Each structure stands twice: as structure tokens, then as C-alpha cells.
Amino acid sequence: MTDALVLAARLRALDDDALATLVRDRGIDAGRIADLFDLADALLASDAVARALEQLDRTGLAVLAVAAEEGATARPLAFDALRDAISRRSGEDPLDPRELADAAGRAAETLLAVVDDAGISTHPEVQAALAAWPAAGLPGADELARLAPPAPLAAVPRVDHDEVDARAGESAFRSVVAVAALVDELLREPARELSRGGMSLPDARRLAAALGADLDDVPVVLSLASRAGLVVRSGRTWSATAASAAWSGRPTAERWEALASAWLDALAPATRSILAERADASWGAGLVDGVLWRFPGGSAWIGDRITAFTRDAGLLGITTGDVPSSAGRALLTAGPGAAAAELAPHLPAEVDRVYLQHDLTVVSPGPLDPTVESRLLSVADAEGRGLAASYRISAESVTRALAAGETADGIRSLLAEISLTGIPQPLGYLIDEAVARFGRIRIRPASPADATPDARTAVVSEDATLLATLLVDRDLAPLRLVRAGDATLTTAASPEAVERALTGARLGPVRENAEGRRIAPAARAVPTPAPHADPEPDAAD
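Using my numbering, you'd call the opening residue of the sequence shown number 29 and step up by one each time.
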């Protein structure tokens with residue numbers, strides 16, 4: 029019986045979920061698979077075997093390579109014999125039986141080997157791939173069998189640890205602020221992903237403006253937020269998740285803890301172990317060498333993965349200039365909670381009061397307490413975040429608060445509570461005007477009764493003069509509004525587009541559903557996605 033037939037028989041024993049996981053993890057093109065025999069052939073193809081070997085750690089590779097050379101392609105090789113062979117080739121103490129069994133199990137899970145009570149056997153295709161490694165500059169069986177790790181990276185040079193921790197606190201604060209700004213902007217309006225990959229330029233520019241950052245920084249901040257489950261892409265749309273609301277209201281140290289915990293969780297166990305061993309060592313270029321030793325076939329992916337994770341470590345204050353901070357060391361050795369406790373004293377002190385200015389800006393004399401900021405953002409928009417944050421109250425932001433169910437008295441009460449300067453007269457006028465306009469125009473899905481072709485949205489008002497004004501307003505011309513009745517205009521634009529346009533015109537529209545019930549502009553959040561495993565096991569990502 030050929031190896032493909034043997035493998036097909038093993039595949040038949042797997043359920044649909046296990047097969048889907050196998051196809052994903054081995055990088056198989058499911059569109060080209062008609063049956064289990066096709067899948068078996070695809071799994072044994074030279075490129076598929078090579079990709080699978082790239083993802084195995086050194087112990088797993090040693091088990092496969094030594095087993096293959098010891099004759100395990102023709103018959104199973106007993107585990108005791110394999111253990112002795114690895115020790116003989118390396119000159120090292122025998123491998124722990126449990127570690128050997130775990131490594132063999134990982135190889136069996138990816139169907140690179142067959143493991144049973146008789147021992148381990150490998151496929152000829154796997155044997156051929158490993159036999160070709162030395163010619164490609166990769167380690168052979170004898171070198172792979174040497175499992176004692178090389179000397180650890182050089183210890184951290186003499187540094188001022190207080191300065192390292194202070195700079196780590198600044199980096200951590202900036203990253204938390206950036207993620208908060210991204211979440212807030214995606215709550216306000218989701219962003220579109222292009223079919224060819226990458227975010228649409230208008231949305232990328234909008235998010236960059238919200239972050240006060242360059243366009244190149246948007247994907248980096250997006251990855252931090254996505255990894256922590258604060259934003260998610262559904263189809264071609266990036267939105268904030270339901271979990272982001274709770275995160276936004278937490279103290280800065282706790283928000284950082286969530287981001288750092290997600291960074292740590294995204295590391296493969298082997299990579300996390302390497303970093304923990306080097307918590308007191310300078311990372312630098314030597315870190316890539318250490319990971320490459322653990323994953324000898326991983327040169328195609330390790331450099332980019334480690335670069336991305338060390339970049340994010342610097343952004344989060346886990347490291348400063350390749351030197352682990354106190355918080356970084358605690359994260360790797362004691363966990364996120366201990367790390368947050370180490371970081372907290374190095375974060376900027378927060379304030380809970382602001383200055384309300386006559387020009388309708390709000391100035392915070394320091395980083396604003398997240399709970400206070402969350403309340404303020406219900407009636408204002410952030411203009412600049414950081415050590416001295418600024419916000420702006422506008423007719424649009426007050427209208428948004430009213431549509432969410434707030435009242436004029438509630439808005440005044442909030443502002444009076446957090447203001448160091450009272451409520452300036454221009455701000456009082458703005459609130460009164462927004463309340464007076466609010467609700468004069470209603471937006472709802474168009475119905476058959478509206479009787480205009482291609483109508484998607486109806487704009488309704490009892491004020492005929494106001495509707496007539498909308499029809500001739502040049503700024504609203506892109507909506508192509510048409511009259512459908514004495515109290516109704518219609519348009520082919522979506523309700524969301526109409527709402528944005530009328531809000532931008534300071535008209536205070538109210539959204540309604542088809543039954544005429546008000547729709548509050550609740551955060552356009554989507555459910556928090558379930559945690560998902562890295563599609564490439566034992567990768568650094």
C-alpha cells in the first residue's frame with residue numbers, strides 16, 4: 029500500500045473540524061481538493077512537506093530526522109531506540125521521555141509521521157526532504173540531535189534602569205492613547221478594507237488624523253487593537269467590538285495590561301519560552317539567532333515575525349531600545365498583572381477636571397481619567413490626545429448626545445461637574461440651539477408608500493419650509509433629494525449617508541426604524557470575536 033493510501037486511511041478517521049484545521053495549518057489549497065486521496069497527495073507534495081518542516085521546532089525535527097535515518101520509513105522505530113539514537117548522535121544525556129513523546133505527537137498531528145504503540149514511522153517524502161537539508165545549508169540529523177541550547181544572549185549592558193522604565197512608561201501611555209483614539213474613531217464610523225488588501229485611503233487618512241499620526245502608523249495601531257479583541261474585520265469592514273467599550277473606561281494601567289497580555293498570548297509557546305529565558309538579556313539581532321536555533325527551518329518567516337513583535341514590544345514599553353523594562357521582565361516571567369503593577373508608577377498622573385473655553389474647546393491639563401474622558405466623549409470629539417489632551421464641543425457632538433438619549437440638563441450637569449471654569453456663555457448658547465433644532469428632521473428607511481423610484485431613505489419633517497430649504501441646499505445636492513409628499517423627501521442614498529450629511533449641516537436629524545421608533549446612535553460595535561489560534565503553529569506570531 030502506498031503512503032498516499034495509508035495517509036488517506038488516516039484522514040478518513042478525522043472529523044470535519046479536524047480536517048479543516050489540518051488543511052489550514054498545512055497551507056493546503058482546499059479549492060483543489062476533491063476527495064481524501066487528493067488531500068493525501070497534497071499533504072505529501074514536496075512543497076507542503078517543506079512548509080510543515082519550517083514550522084517544527086528543533087526537538088520535533090530531531091525526532092523526525094533521526095527516526096528517518098534509523099530506518100523508521102520501513103518499519104516503526106521504538107521510542108526507546110529513538111531516544112538512544114538521539115543521545116548517541118548528540119553525545120548528550122538522553123531526551124526526557126515526555127519531551128520525546130510530545131515532539132512525536134506534534135509531528136503526528138501534522139501527519140508528518142505515524143505514531144502508535146509500536147513507535148514512530150515517517151513518510152518517504154519527509155525523509156527525502158530532511159535528507160536534502162544539509163545541501164541547502166540547513167542542519168542534518170546529527171546536528172539537529174544536539175538539543176542543548178547555545179549560550180544565552182549577552183546580558184543587558186550597564187543601563188540606567190530608572191530611565192529605561194520612565195521611557196517605557198511614556199511609550200506605553202502613547203500606545204494606549206493611540207489605541208483608544210482608533211477605537212473611538214471606529215465606533216463613530218467603521219473603516220473599509222480594500223479587496224486587494226489594505227485600508228481604503230480616505231479611511232486610512234481619517235484614522236491617521238484621529239491618531240495624530242502618519243499613515244504608516246495606522247496598520248501598526250490597528251494590529252495592537254485587533255490582537256486585543258478591541259477591533260475586528262468583518263468582511264471588508266473594520267469596526268470596534270463590544271469589548272472595546274469596557275476597555276475604554278478602564279484605568280490606563282489596566283488598558284495597557286490588556287494590550288500587553290494580547291501581545292504575550294500571540295507568541296507561540298516556544299517563542300515565549302525563549303523570551304522568558306532572556307528577560308534579563310538584550311534582545312537585538314541575537315534574539316533572531318536564538319529563535320532560528322529553536323526553529324532551524326524557519327528562516328522564511330522568523331525575521332519578519334520577530335521584527336513585528338519586537339517592534340510592538342517597544343511600542344508597548346515592554347522593551348526600551350532592545351532592553352527589557354521592569355514591566356517587560358515581569359510580563360515574561362510573572363504575567364500581565366504583575367507587569368501592570370510594575371508599569372503603573374511610570375505612567376503620567378491623570379486628572380479629572382478640564383477647562384471649558386469660550387471657543388468651544390475643552391483642554392485637559394494632563395491625561396484625562398478614562399472614566400471622565402468616556403463621559404466627555406459622549407458630548408465632545410477628541411482633537412488631540414496625550415499629556416495635555418484637547419476636545420471640541422460642536423452642534424454635531426451635542427446632537428449625537430441628544431440622539432443617544434441625553435437631555436440638555438444632563439449635558440449641562442456633566443460639563444459643570446468636570447469643568448474648572450464653569451460653562452462659558454457661547455457653550456450654553458450652542459447647547460440651547462442644538463436642543464431647539466433636534467428632532468425637526470427624521471430619517472427612516474423608505475417605504476412603498478413613498479412612491480419614488482430607487483428610494484432607499486425618507487427624510488420626514490412637519491416643517492415644509494425646512495424641507496424646501498433642503499431641496500435647494502448645494503451642500504446636500506449629492507443626496508439627490510426629491511419630494512415624495514408634503515412632509516417627505518426621498519433619496520437613493522443610505523440612511524447612514526443621509527444622517528452624516530444632515531448632521532454635518534447642523535440640522536440635528538433623528539434616525540428612526542421602519543416602524544417609526546427612534547434609533548439611538550449606539551456605538552457601531554460588533555460582538556467581540558472568540559480568541560483564535562495562530563494559523564501557523566509554533567510561529568512567533
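Note that the Cβ used here is the ideal one computed from N, Cα and C, for glycine as well.
This one's a predicted model, so the numbers in the text were calculated from it and none came from an experiment.
Checklist line | Within 8 Å, strictly: CB atoms of residue 94 and residue 110 | finding: Within the sequence shown, numbered from 1, the residue matching residue 94 stands at position 66. Within the sequence shown, numbered from 1, the residue matching residue 110 stands at position 82. For residue 94 and residue 110, yes; Cβs fall inside 8 Å.
### Query
How is residue 268 classed by DSSP in three states: helix, strand or coil?
For the purposes of this step, residue 268 is identified with residue 240 of the sequence shown, where counting begins at 1. Strand.
What are the start and end residues of the alpha helix (DSSP H) that includes residue 346?
For the purposes of this step, residue 346 is taken as residue 318 along the sequence shown, with counting starting at 1. First-last for residue 346: undefined, no H or E at that position.
| request: Could you have a look at residue 513 and say whether DSSP puts it in helix, strand or coil? | output: Walking along the sequence shown from the start, residue 513 turns up at place 485. Strand, per DSSP.
Quiz prompt | Selected residue, minimal CA-CA separation from residue 255, among 239, 295, 414 | solution = Mapped onto the sequence shown, residue 255 falls at position 227. With distances taken between Cα atoms, residue 255 lies closest to 295.
| message | What would DSSP say about residue 280, mapped onto helix, strand or coil? | response | The residue you call residue 280 lines up with position 252 of the sequence shown. Here residue 280 sits in helix by DSSP.
task = Would you kindly report the start and end of the unbroken alpha helix (DSSP H) that includes residue 77?
result = Position 49 of the sequence shown, counted from the start, is the residue given in the question as residue 77. Residue 77 -> alpha helix (DSSP H) spans 74 to 83.
Next on the checklist: Let's test the definition: count the other Cβ atoms within 10 Å of the Cβ of residue 83 and tell me whether it reaches 16, buried, or not, exposed.
Outcome noted: In the sequence shown, counting from the first residue as 1, residue 83 sits at position 55. So residue 83 ends up on the buried side.
Of the listed residues 366, 274, 401, nearest to residue 382 (C-alpha basis): As a working note, residue 382 is residue 354 in the sequence shown. Nearest of 366, 274, 401 to residue 382, Cα basis: 401.
**Report entry** Inter-residue spacing [alpha-carbon to alpha-carbon] between residue 135 and residue 92
**Finding:** Mapped onto the sequence shown, residue 135 falls at position 107. Mapped onto the sequence shown, residue 92 falls at position 64. The straight-line gap from Cα to Cα measures roughly 8 Å.
(Q) Less than 8 Å between C-beta atoms, sequence neighbours within five positions excluded: which residues of the same chain meet that for residue 36? (A) Locating residue 36 in the sequence shown gives position 8, where the first residue counts as 1. Around residue 36: 64, 65, 67, 68.
When you compare each of 530, 509, 406, 394 to residue 418 by their alpha carbons, which one comes out closest?
-> Position 390 of the sequence shown, counted from the first residue, corresponds to residue 418. Selected option, being the one with the closest Cα: 394.
Quiz item: How is the beta strand (DSSP E) around residue 148 delimited, first residue to last?
Solution: As a working note, residue 148 is residue 120 in the sequence shown. For residue 148, the enclosing beta strand (DSSP E) covers residues 147 to 150.
- If you draw a straight line from the alpha carbon of residue 113 to that of residue 98, how long is it in whole angstroms? Counting from 1 along the sequence shown, the entry for residue 113 is found at position 85. Counting from 1 along the sequence shown, the entry for residue 98 is found at position 70. For residue 113 and residue 98, the distance between alpha carbons rounds to 8 Å.
Residue 532 and residue 370 - do their beta-carbons sit closer together than 8 Å? On the sequence shown, position 342 is the one that residue 370 refers to. On the sequence shown, position 504 is the one that residue 532 refers to. In this structure, the beta-carbon distance from residue 370 to residue 532 does not fall below 8 Å.
If contacts are defined as beta-carbon pairs under 8 Å, then residue 197 and residue 375 qualify, I think. What distance do you get, rounded to the angstrom? On the sequence shown, position 169 is the one that residue 197 refers to. On the sequence shown, position 347 is the one that residue 375 refers to. That belief holds up - the Cβ atoms of residue 197 and residue 375 are roughly 5 Å apart, short of 8 Å.
Practice problem: Spatial neighbours of residue 195 within its chain, please: CB distance less than 7 Å, with the 5 preceding and 5 following residues excluded, ordered by chain position. | Solution: For the purposes of this step, residue 195 is taken as residue 167 along the sequence shown, with counting starting at 1. Around residue 195, the same chain offers 348 as residues with beta carbons nearer than 7 Å, after the five sequence neighbours per side are excluded.
| message | Taking 8 Å as the cut-off, does the region 269 to 287 touch the region 197 to 214 (at least 3 CB pairs, one atom from each stretch)? | response | With the cut-off at 8 Å, the region 197 to 214 and the region 269 to 287 touch.
If you draw a straight line from the C-alpha of residue 43 to the C-alpha of residue 58, how long is it?
Indexing the sequence shown from 1 puts residue 43 at position 15. Indexing the sequence shown from 1 puts residue 58 at position 30. Between residue 43 and residue 58, the C-alpha separation is close to 16 Å.
Check: Taking the DSSP output, what are the residues bridged to residue 412?
Finding: Locating residue 412 in the sequence shown gives position 384, counting from the first residue. Its beta-bridge partners are 418.
| task | Within its chain, find whatever has a CB closer than 8 Å to the CB of residue 489; leave out the 5 residues flanking it on each side and keep chain order. | result | The residue you call residue 489 lines up with position 461 of the sequence shown. Cβ-Cβ distances below 8 Å link residue 489 to 468, 469, 470, 495, 515 in the same chain, with the five nearest sequence neighbours on each side left out; the list follows chain order.
By the 10 Å Cβ neighbour count, where 16 or more other Cβ atoms means buried, how is residue 500 classified, buried or exposed?
Position 472 of the sequence shown, counted from the first residue, corresponds to residue 500. So residue 500 ends up on the exposed side.
Using C-beta distances below 8 Å, list every residue in its chain close to residue 466, excluding the 5 sequence neighbours before and after it, in chain order.
In the sequence shown, residue 466 corresponds to position 438, counting from 1. Same-chain partners within the cutoff: 427, 430, 431, 536, 538.
Review point. What is the DSSP secondary structure of residue 221, counted as helix, strand or coil?
Key: As a first step, residue 221 must be located in the sequence shown, where it is residue number 193. Shown here, residue 221 sits in a strand according to DSSP, grouped into three states.
Going by DSSP, name the residue or residues bridged to residue 451.
-> For this step, residue 451 is matched to residue 423 along the sequence shown. Paired residues: none, contrary to the question.
Is the separation between the beta-carbon of residue 486 and that of residue 472 shorter than 8 Å?
Position 458 of the sequence shown, counted from the first residue, corresponds to residue 486. Position 444 of the sequence shown, counted from the first residue, corresponds to residue 472. The answer is yes: Cβ separation under 8 Å.
**OP:** Give me the Cα-Cα distance between residue 46 and residue 55, rounded to the nearest whole angstrom.
**Re:** Along the sequence shown, one-based indexing puts residue 46 at 18. Along the sequence shown, one-based indexing puts residue 55 at 27. Using only the alpha carbons, I get a separation of about 14 Å.
Can you tell me whether residue 322 is buried or exposed? The criterion is at least 16 other CB atoms within 10 Å of its CB, across all chains shown. The count along the sequence shown starts at 1 and reaches residue 322 at position 294. By the neighbour-count rule (16 or more Cβ atoms within 10 Å), residue 322 is buried.
- Message: Once DSSP output is grouped into helix, strand and coil, what is the label at residue 560?
- Response: Stepping through the sequence shown from its first residue, residue 560 is reached at position 532. Here residue 560 scores only 42 on pLDDT, less than 50, and its place in the model should not be relied on; the value that follows carries that caveat. Looking at residue 560 - three-state DSSP - the assignment turns out to be coil, as it is neither helix nor strand.
- [ ] Name the two residues that bound the continuous beta strand (DSSP E) containing residue 472.
- [x] For the purposes of this step, residue 472 is taken as residue 444 along the sequence shown, with counting starting at 1. Residue 472 -> beta strand (DSSP E) spans 470 to 473.
Item checked: Reduced DSSP category for residue 430 - H, G, I as helix; E, B as strand; rest coil -> Within the sequence shown, numbered from 1, the residue matching residue 430 stands at position 402. Collapsing the DSSP output to three states places residue 430 in a helix.
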